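In our numbering, the protein residues as written are 10 to 228.
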């Protein structure tokens, strides 16, 4: 078991190096989540699963990922998130005419049993995929970055002809970000924002640094 754990930790280190130095495909984030899950580090597993869900990629290809998020959410007591993600996974399979697999049926049954026990309710206005994606996206955003350092600061540099920008933190540090990570309603210089810090490879300095992600308005 120790040998297996050692190999998994080595794989985690290698994948984390990849995601901090290169453009990250969603399935690499999913692999990281699976490795953390195998070590029973469920919070890390949820974080990377949700980041995989938010990364670019066709939702149809992520149908098993959504099921994994439902399972992890069930395992960590987030029953409402489990319901929304299992419904999304089922809705995609139904739309595509894919079979509802036995493990999905079992998980679905477990989730609804736990929901009943919890005496909570989950309001779903429809089983429409776009509607479910919007609901789940809010969950993913909350879960994806909760374990990363939080900062606030001011949008300092936002050139229209570049793909990046900079934010100045409250304590005066200049932090790089990708403009695609900044929601359109926050794309304004001198605006006060909250954000998380994620490891990033600084090409100019040739070293690991940080970039700002997961922006929200600072009130």
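Ideal Cβ placement from N, Cα and C applies to all residues, glycine included.
Because the structure is a prediction, the values reported are computed rather than measured.
Next on the checklist: Give me, in chain order, the residues of the same chain whose beta-carbon lies closer than 6 angstroms to that of residue 131; leave out the 5 immediate sequence neighbours on both sides.
Outcome noted: 89, 92
Next on the checklist: Rounded to whole angstroms, what is the Cα-Cα separation between residue 226 and residue 108?
Outcome noted: 42 angstroms
Next on the checklist: I'd like to know whether the C-beta atoms of residue 187 and residue 216 end up nearer to each other than 8 angstroms.
Outcome noted: no
Checklist entry - Do three or more CB pairs link the region 109-129 to the region 32-45 at distances below 8 angstroms? => result Under the 8 angstroms Cβ criterion, the region 109-129 does not count as touching the region 32-45, having fewer than three qualifying pairs.
Item to check | Bounding residues of the beta strand (DSSP E) (the contiguous stretch that carries residue 210) | outcome: Looking at the DSSP string, the run of the beta strand (DSSP E) that includes residue 210 is 201-211.
Checklist entry - In chain order, what residues of the same chain lie with their CB nearer than 7 angstroms to the CB of residue 101, ignoring the 5 residues before and after it? => result Once the five neighbours on either side are set aside, the close Cβ partners of residue 101 are 68, 69, 72, 138.
Checklist entry - How many angstroms separate the CA atom of residue 17 from the CA atom of residue 47? => result 8 angstroms
Next on the checklist: Comparing C-alpha positions only, which one of 199, 150, 153, 22 sits nearest to residue 161?
Outcome noted: Cα-wise, what sits closest to residue 161 is 199.
Item to check | Buried versus exposed, by CB contacts within 10 Å (16 or more), residue 86 | outcome: exposed
Next on the checklist: Looking at the secondary structure, which residues open and close the beta strand (DSSP E) in which residue 177 lies?
Outcome noted: Taken as a continuous stretch (DSSP letters only), the beta strand (DSSP E) holding residue 177 covers 173-178.
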